[in-house]
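All residue numbers for the sequence shown refer to the working numbering, where the first residue is 1 and numbers rise by one. Note that CB positions come from ideal geometry on N, CA and C, so glycine has one too. These numbers come from a predicted model, not from an experiment.
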Amino acid sequence: MEKELSQVSEVLDSAQQERTETTQSYDAVYQSKAGSVAFMAQNDVDYEETNAKMAEYQSLLQVNNVLVLDRQGTVLAEAEDTPAQFTYARYNQLRTVFETGQPSEAFEVQIGDVCYRYYGARIDDEKMAVVEQDPEELHTLLDDTVSQASVLNQIGIGREGYVFTISAQNYVIGYHPSEELTGADGLDAGIEVGDLEDGNFAWMTLDGEQLYCGVSQIGDTYYIAAIPEAEIEASRNVTVGIILFIFFAVMTIVVTYSIFVMREEEKKNRGTEKEAASGIKYNRQVGKKAAILSVIGLLAILLISYYMQTLFALSSQSISNRQRVEGVESTLTQYGAEAELLQEQYNERYLNKCQIAAYILEHKPELQDKEKLQELADVLQVQYVYQFDSQGRTVATNAAYSGFQISDDPEDQSYEFNRLLTGTEYLIQEAQPDDISGDVYQYIGVSLYDEEGNADGFVQIGLRAERLEEIQDSMRIDNILDGIKVGVNGFAFAVNKEDQTFAYYPEEKLIGRSAKEYGMEEDQFTDGYNDYMAIRSEKYLASSLETDDYYIYVVIPDSEIMSERIPLTLAAGGLSLICLVVLFLILAFDRQAPLKAKVAENEEKNRRKGTDDKEDKAEKKGERMIQVSLPDGRKKTTEAAASRWMNLAIAWDEKTPEQQILTVIRWLFTVLALAICVGVLGRRTFFGEDSVFTHIVEGQWSEGLNVFAATACVMLISVVMTGTALLRSLLRILAEAFGARGETVCRMISSFIKYVSIIVLLYYCFAMFGVDTQTLLASAGILSIAISFGAKELVSDILSGLFIIFEGEFRVGDIIMIGDWRGTVIEIGVRTTKVEDGSNNIKIIRNSNVTDVVNMTRRGSYASCDIGIEYGESLERVESILEAEFPRMKRELPAILGGPYYKGVIELGANSVDIRVIAECAEEDRVQLERDLMRELKLIFDEYEISIPYPQIVVNEPAIFKKKATALEKAQAKRFNEEQRTASRHLGNEDDDTR
1 MEKELSQVSE VLDSAQQERT ETTQSYDAVY QSKAGSVAFM AQNDVDYEET
51 NAKMAEYQSL LQVNNVLVLD RQGTVLAEAE DTPAQFTYAR YNQLRTVFET
101 GQPSEAFEVQ IGDVCYRYYG ARIDDEKMAV VEQDPEELHT LLDDTVSQAS
151 VLNQIGIGRE GYVFTISAQN YVIGYHPSEE LTGADGLDAG IEVGDLEDGN
201 FAWMTLDGEQ LYCGVSQIGD TYYIAAIPEA EIEASRNVTV GIILFIFFAV
251 MTIVVTYSIF VMREEEKKNR GTEKEAASGI KYNRQVGKKA AILSVIGLLA
301 ILLISYYMQT LFALSSQSIS NRQRVEGVES TLTQYGAEAE LLQEQYNERY
351 LNKCQIAAYI LEHKPELQDK EKLQELADVL QVQYVYQFDS QGRTVATNAA
401 YSGFQISDDP EDQSYEFNRL LTGTEYLIQE AQPDDISGDV YQYIGVSLYD
451 EEGNADGFVQ IGLRAERLEE IQDSMRIDNI LDGIKVGVNG FAFAVNKEDQ
501 TFAYYPEEKL IGRSAKEYGM EEDQFTDGYN DYMAIRSEKY LASSLETDDY
551 YIYVVIPDSE IMSERIPLTL AAGGLSLICL VVLFLILAFD RQAPLKAKVA
601 ENEEKNRRKG TDDKEDKAEK KGERMIQVSL PDGRKKTTEA AASRWMNLAI
651 AWDEKTPEQQ ILTVIRWLFT VLALAICVGV LGRRTFFGED SVFTHIVEGQ
701 WSEGLNVFAA TACVMLISVV MTGTALLRSL LRILAEAFGA RGETVCRMIS
751 SFIKYVSIIV LLYYCFAMFG VDTQTLLASA GILSIAISFG AKELVSDILS
801 GLFIIFEGEF RVGDIIMIGD WRGTVIEIGV RTTKVEDGSN NIKIIRNSNV
851 TDVVNMTRRG SYASCDIGIE YGESLERVES ILEAEFPRMK RELPAILGGP
901 YYKGVIELGA NSVDIRVIAE CAEEDRVQLE RDLMRELKLI FDEYEISIPY
951 PQIVVNEPAI FKKKATALEK AQAKRFNEEQ RTASRHLGNE DDDTR
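Written out as structure tokens, the structure is:
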């Protein structure tokens, strides 16, 4: 804004100079017309002092009125009646011709509703010729090109800002883009007098609209640059909104996760609290996790703040650059239209000069001498007057070279005038070097006719169209671009399309040199380029425009755009850090109140039942959440394998704090994605045409590795994933409504939609980052042929790994069985998957060979032990003994997490009745626990004299077992069987067909 205000005075001075030159050029034409009448009167060129002759001159000169006056102002002859009273003193300017001998200065007189401009020329000491002309053409030309309104309207302030003026004397608005406010009282419109000070920048109200304004006083006028508040708010709302959302999200995540962790601790410690001293206590578990989240959140706030400020700065500057480029295009169009209009006007005026010369020489052949022709040339304000005969030979001229003849060579400048010898009425030639001097002149010819109406030579004038030269000079690319300033150090330059050399550059030594040698690249020579470029190792943000001859660029140094990012980012980070520290202290430190010691109840009962309350609770919840061991030894809770393919959500209370906070994060990002979708789809409703959001969504930037492409990808991902999520949710609802076949189809379609959306996203995101996707697809086809002969297995492994991750068949920490190998997944790599068994052996399996996977991730693994008893042994007695010994076994074997459980008779073998005992355990303890279970069972059988048969063939009378089960033992055995069936109904060996 300061820069634009500082340029107002310069722009107004330039406009005033152009106004003066335009007016002088216009007046010179009509002064020449008045002089032509005086010349014809002085040389008696068919001159008569009658109204009829004046009417003839009026038609010849193409003016509103021609008059002859005496010294006192009395009208002696006139083409039309005039309302002017030339005897009045207000017309004394005309009478100056008698003292100076030169045409009078032009002046205007308003007579009623009509305005006339007057030009006078001396005939003799008592008479003068006067031209009376309506100046509307002049006024229109000035209004369109150099009026205050046209000049100030071209000064752009931001995207929607403008400049208006207020009188320093009466505070009337002299100019405003809105015609309704032009001429209104500025104070009544809301402007405060105290704000109208030179150099002041303040918020002002004008006609109910809030404006941020800068004031510059020039003479008796205040020039005020104004930017609407709506533009400023629109520019910052998206940026501030995103930063505030991220801040809110971070705070929400830290607080909710800490609460979830505290609630989980309370559940674990329920019933085991011990008396503690009152005071402030640091909760290490909450403090650790809150600290980690706070650090990550602070980094996220800093990153997003920096990113959004970068995006806003680049987008705003890119929009500004584009507007400047459009301004250059508008200027070129305007200058072209002006030049065309002026060319047409000047052609008409110069043609009329030639027609006057032809009229004079046709009616007064005696003037065909050099002296008189020079006098005529001076009156007409041209350099040369020629008269040619019917053969194209010079008859008379005021030029030094008099033997000139029209050329028969089509390449010569004069050849075109042969058309006048064949009957063409007139010819206006474009300015070009003439055949004699080589200087640039414009020549115009008018045919002469004999008494029979046949072409009999022509009259030609030659002139230097200085005003047109000035216009054409102003249209030179260097003059147009020289005044363009972007920010403090930004500028505009042009490159020739033909040879890619600098047509204009602020450093003159670069003009004419190859742009590629100074850092420009081939893809930057295009229309609509909006991205970074490097020139002489300096980085610029550029926007381009392609014309017929040039590539025009508006650039600004990157350092100037980004100068405010670091301070603003640090300010946002500092405020966020303070809030996070306060939040951490509140969450991590708690006031500890005295508590009485509590003793756990029903412990013995739980031991007798072989399970505890937590196991019962987990059982009731369906065992959807389990603990797994990671490769580094850490324990993590994850979702059981069977649960992952259910369409049912896990109950909130069953989720771990990590899963709960992931759900919260998912909700937050869902809100953000929906907001982005609404913004993208309703951008015309919620954002302006020149807003940052619209700039990115509508692709008004160059594809490549830049912040615009990254932001556009985020927007595209938000829209596509939101649509995909809605479709998949609809399919889940339909799957519940239909039967098994419908669910199968819906799940297949859902999977198809997921993969299609990912492929579409990858395709368009690659395109946004400047990758030639068509070439990429073609290359992929060629590559697929190549790899089919060589790297087929490598690609197959990579793709299989991607599908394993996308489909979620198993995860790190899951217990799986691939073929006959059972173990824990410790890594899913690009080519291979690593599985560790219970003996710490690691099997490396190629991803393409990971088939027929059994995911055995449950609430825990289990150890299984099969043992045989004699056929003659009482099964009920054995079962009664096992019931009594199981609690002791659990105490003796700490690796047992649940059980042990009696699974019943699994086989009636050739030599024994085989029974099975299992116990829940961690996967890493499974092998050893199986050995320990076998040992304990052997010791129990020895203690109770239960025989374990050897493999044998019995050829004698079998032994008689005297120990039979008592009635009590039978009842206990029956109850024990029922309890064990219920307790272990979800457990069994993986080679069982049933449980």
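Using DSSP with H/G/I as helix, E/B as strand and the rest coil, what is I717?
Within the sequence shown, the letter at position 717 stands for residue 717. Residue state, collapsed to three classes: helix.
Going by beta-carbon coordinates alone, are D914 and G868 separated by less than 8 angstroms?
Within the sequence shown, numbered from 1, the residue matching residue 914 stands at position 914. Within the sequence shown, numbered from 1, the residue matching residue 868 stands at position 868. Yes.
Alpha-carbon to alpha-carbon, I826 and I940:
Position 940 of the sequence shown holds residue 940. Position 826 of the sequence shown holds residue 826. Taking the straight line joining both Cα atoms gives about 38 angstroms.
Those residues which DSSP pairs with R834 across a bridge
Within the sequence shown, the letter at position 834 stands for residue 834. Before going further, note that residue 834 is Lys rather than Arg in the sequence given. Answer is E827 and I844.
Figure out for me which residue from E883, R891, I586 and I906 has the closest Cα to the Cα of Q997.
There is simply no residue 997 to check, as the chain begins at 1 and stops at 995 in what is shown.
Which of helix, strand or coil DSSP assigns to M520:
As a working mapping, residue 520 is identified with position 520 in the sequence shown. Here M520 sits in coil by DSSP.
Helix, strand or coil: how does DSSP classify S447 here?
As a working mapping, residue 447 is identified with position 447 in the sequence shown. Strand, per DSSP.
Please state whether DSSP places R747 in a helix, a strand or coil.
Locating residue 747 in the sequence shown gives position 747, where the first residue counts as 1. Three-state DSSP puts R747 in a helix.
Rounded C-alpha distance that separates E736 from L730
Reading the sequence shown from its first residue, position 736 is the one you call residue 736. Reading the sequence shown from its first residue, position 730 is the one you call residue 730. Spanning the two alpha carbons is a distance of roughly 10 angstroms.
Reducing DSSP to helix, strand and coil, say where D44 ends up.
Here residue 44 is taken as the residue at index 44 of the sequence shown, counted from 1. In this structure, D44 counts as coil in the three-state DSSP scheme.
Cα-Cα separation between S407 and S414, rounded to whole angstroms
Taking the sequence shown and counting its residues from 1, the one referred to as residue 407 is at position 407. Taking the sequence shown and counting its residues from 1, the one referred to as residue 414 is at position 414. If I take the Cα positions, the gap works out to 6 angstroms.
First through last residue of the beta strand (DSSP E) which encompasses Q210
Position 210 of the sequence shown, counted from the start, is the residue given in the question as residue 210. Note, Q210: beta strand (DSSP E), E209 to I218.
Cβ pair N283, A542 closer than 8 angstroms:
In the sequence shown, the residue the question calls residue 283 occupies position 283. In the sequence shown, the residue the question calls residue 542 occupies position 542. For N283 and A542, no; Cβs fall outside 8 angstroms.
Going by alpha carbons, who is nearest to T724 out of V707, T670, V172 and L893?
Taking the sequence shown and counting its residues from 1, one reaches residue 724 at position 724. Cα-wise, what sits closest to T724 is T670.
Quick one: give me the first and last residue of the beta strand (DSSP E) that I304 is part of.
Walking along the sequence shown from the start, residue 304 turns up at place 304. It is not in any beta strand (DSSP E) - I304 instead sits in the alpha helix (DSSP H) that spans R284 to H363.
What span of residues does the alpha helix (DSSP H) with I561 cover, start to end?
Working through the sequence shown from its first residue, we reach residue 561 at position 561. First-last of the alpha helix (DSSP H) with I561: D558 to I561.
Between the CA atoms of A377 and L61 - distance to the nearest angstrom:
Along the sequence shown, one-based indexing puts residue 61 at 61. Along the sequence shown, one-based indexing puts residue 377 at 377. Approximately 16 angstroms between the Cα atoms of the pair.
Suppose only complete runs of 4+ residues qualify. What are the alpha helix (DSSP H) ranges in the segment 91-119, listed by chain order?
97-100
By the DSSP assignment, the beta strand (DSSP E) with K903 in it spans what residues?
Start at 1 with the first residue of the sequence shown, and residue 903 comes out as number 903. G898 to L908 is the span of the beta strand (DSSP E), which, as asked, contains K903.
Distance, P949 Cα to S912 Cα:
The sequence position of residue 912 within the sequence shown is 912, counting from 1. The sequence position of residue 949 within the sequence shown is 949, counting from 1. Whole-angstrom Cα-Cα distance: 6 angstroms.
Determine whether the beta carbon atoms of E49 and A77 lie at a separation below 8 angstroms.
Residue 49 sits at position 49 when you count from the first residue of the sequence shown. Residue 77 sits at position 77 when you count from the first residue of the sequence shown. Taking 8 angstroms as the Cβ cut-off, E49 and A77 qualify as a contacting pair.
Collapsed DSSP secondary structure at S912 in the structure displayed
The residue given as residue 912 occupies position 912 in the sequence shown. If DSSP states are grouped into helix, strand and coil, S912 belongs with coil.
Residues near L138 in its chain [Cβ-Cβ closer than 6 angstroms; skip 5 each side]:
Your numbering for residue 138 matches position 138 in the sequence shown. Around L138: Y26.
Which residues mark the beginning and the end of the alpha helix (DSSP H) in which E936 is found?
As a working mapping, residue 936 is identified with position 936 in the sequence shown. Unbroken alpha helix (DSSP H) run through E936: R926 to E943.
If contact is defined by three or more beta carbon pairs under 8 angstroms, each pair taking one atom from either stretch, is the segment 167-175 in contact with the segment 139-156?
yes
Round the Cβ separation of S718 and A673 to the nearest angstrom and send it over; I've been treating them as touching at under 8 angstroms.
Taking the sequence shown and counting its residues from 1, one reaches residue 718 at position 718. Taking the sequence shown and counting its residues from 1, one reaches residue 673 at position 673. Yes, they are in contact, since the Cβ atoms of S718 and A673 sit about 4 angstroms apart, within 8 angstroms.
In its own chain, which residues sit with a C-beta less than 8 angstroms from the C-beta of V328, not counting the 5 before and 5 after it?
Reading the sequence shown from its first residue, position 328 is the one you call residue 328. Excluding residues within five positions, the ones whose Cβ falls inside 8 angstroms are I480, L481, I484, A492, L545, I552 and V554.
K996 by DSSP, collapsed to three states: which one?
Residue 996 cannot be examined here, being either before or after the span of the chain that is shown, 1 to 995.
Between the segment 35-49 and the segment 374-389, do at least 3 Cβ pairs fall closer than 8 angstroms?
yes
Residue of L908, V446 and L314 minimising C-alpha distance to F388
The residue given as residue 388 occupies position 388 in the sequence shown. Comparing Cα-Cα distances from F388 to each of L908, V446 and L314, the minimum goes to V446.
Under 8 angstroms between the Cβ atoms of N996 and I816?
Here the chain comprises residues numbered 1 to 995, so residue 996 is not present and cannot be evaluated.
Let's test the definition: count the other Cβ atoms within 10 Å of the Cβ of M533 and tell me whether it reaches 16, buried, or not, exposed.
Position 533 of the sequence shown holds residue 533. Buried, by the Cβ-count rule.
Counting only the same chain and skipping the five closest in sequence on each side, list residues whose C-beta sits under 7 angstroms from that of D456.
Along the sequence shown, one-based indexing puts residue 456 at 456. Closer than 7 angstroms at Cβ, skipping near neighbours: S390, L448, Y449 and D450.
Enumerate in chain order the residues of its own chain whose CB-to-CB distance from Y1009 is below 7 angstroms, with the five nearest sequence positions on each side excluded.
There is simply no residue 1009 to check, as the chain begins at 1 and stops at 995 in what is shown.
Helix, strand or coil: how does DSSP classify K497 here?
Locating residue 497 in the sequence shown gives position 497, counting from the first residue. Coil.
With burial defined as no fewer than 16 other Cβ atoms inside 10 Å of the residue's Cβ, what is the status of D113: buried or exposed?
In the sequence shown, residue 113 corresponds to position 113, counting from 1. Counting Cβ neighbours within 10 Å, D113 comes out exposed, since fewer than 16 surround it.
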